[in-house]
Amino acid sequence: MPKLEVGPIGLLPPSAARMGIFNPAQGSGMELVEGEHVPTDEAIEKAAREILSRRNPTLFPGPMIVWAWNDETIHKSELCMELVKEVPGMNVITMPDYRPIYPKIDPEWVINPCHPNLTIQHNKIETCILIGVHCHFANITLKMIRANTNCYTMAFCQYDGHEDALISLRDIDGEKLQKVTAAVRKLRKEGFDCWGESKVGKEELEEIAARKLADKNPVKEETTLFMGELEQGLDENAE
């Protein structure tokens, strides 16, 4: 059976579906892990291990979470933040909009399906979770991440799941999200080695925090002032 591998794969990697990888049937009690069908509890434990052990774990909530458009979505967003609090050093970068962001995005604040690899590479993210991202955009994003980065991707999908994620949990609901958080808590209680609590992880997280603080409070002498004269625009009332 074909196995999905962590990237970078190359410029145009074959889609998982072309490789013969398909999502488990609804109600089968199975999930997709690296192209193979495994029981849900096993997939959740694997997800917890990858979240804790890899560099700069990051949650990417999409519009179906960010927009808080109904009570269920609001509840899911609260459960997502519970998960984030349990993972040392876990970051949250939103995907609030699918439109291309030009000429420049801020990869520390957003991930965009037109160039998700830029956000992944800029933040040195080696594992991420997509949740609340509409399926067609999640598919594009996952392919691009696998093509260009070494990020271990996970998709927590409300519907059928995503073949191009290294771990795909389908029909995600509050109960499944709570199971993922419980699995993370269990591993930490058992003394699992977490990247965010390692010497290297702590040093990197401290550097990131210091840089972000400096960006918010720039030193006056280092501030670049715009001294040029503004060009006068068109005046519709001018003769």
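Per numbering that gives the first Met the number 0: the sequence shown = residues 0 to 238.
Quick reminder that beta carbons are idealized off the backbone N, C-alpha and C, glycines included.
Contacts around residue i, its chain only, beta-carbon distance under 6 Å, and the 5 residues preceding and following it disregarded
i: A67; result: I73
i: K178; result: I43
C-alpha gap between residue i and residue j, whole angstroms
i: G160; j: V199; result: 34 Å
i: S167; j: A24; result: 13 Å
i: E203; j: G173; result: 32 Å
i: I104; j: I119; result: 13 Å
i: Y151; j: K75; result: 22 Å
i: C79; j: T57; result: 11 Å
i: G190; j: M18; result: 38 Å
i: L212; j: G26; result: 47 Å
Residue i, enclosing alpha helix (DSSP H) - first and last residue
i: V132; result: Premise fails: V132 is in no alpha helix (DSSP H) and is neither H nor E.
i: E33; result: Where E33 is concerned, there is no enclosing alpha helix (DSSP H), given that its DSSP letter is neither H nor E.
i: I119; result: P115 to H121
i: A42; result: T39 to S52
i: L204; result: K198 to K215
i: I73; result: D70 to E85
i: M63; result: P62 to V65
i: T180; result: G173 to K188
9 Å Cβ cutoff met for residue i and residue j
i: V65; j: M94; result: yes
i: M63; j: G9; result: no
i: M143; j: H114; result: yes
i: F59; j: I92; result: yes
i: R187; j: L51; result: yes
i: L129; j: G61; result: yes
i: C156; j: D170; result: yes
i: T148; j: R53; result: no
Cβ neighbour criterion (16 or more within 10 Å) applied to residue i
i: I100; result: exposed
i: P106; result: buried
i: R210; result: exposed
i: A208; result: exposed
i: N69; result: exposed
i: P102; result: exposed
i: E71; result: exposed
i: L176; result: buried
i: N55; result: buried
Residue i, enclosing beta strand (DSSP E) - first and last residue
i: S14; result: That residue, S14, is in no beta strand (DSSP E); it is neither H nor E in DSSP.
i: M153; result: Y151 to F155
i: L3; result: Segment: none, L3 is in no beta strand (DSSP E) and carries neither H nor E.
Close-in-space but distant-in-sequence residues of the same chain around residue i (CB under 7 Å, 5 per side omitted)
i: D163; result: S14, A15, N138, L141, K142 and R145
i: E205; result: none
i: L165; result: L3, V5, E33, Y151, T152 and M153
i: I110; result: F59, I92, M94 and T118
i: V37; result: M29 and E30
i: N116; result: M143, I144, N147 and T148
Contacting residues, own chain, Cβ-Cβ under 8 Å from residue i (five flanking each side not counted)
i: E4; result: E33
i: V183; result: A47, I50, L51, L82, E85 and V86
i: P12; result: G6, K142, R145 and A146
i: N22; result: L31, D159, G160, H161, E162, S167 and R169
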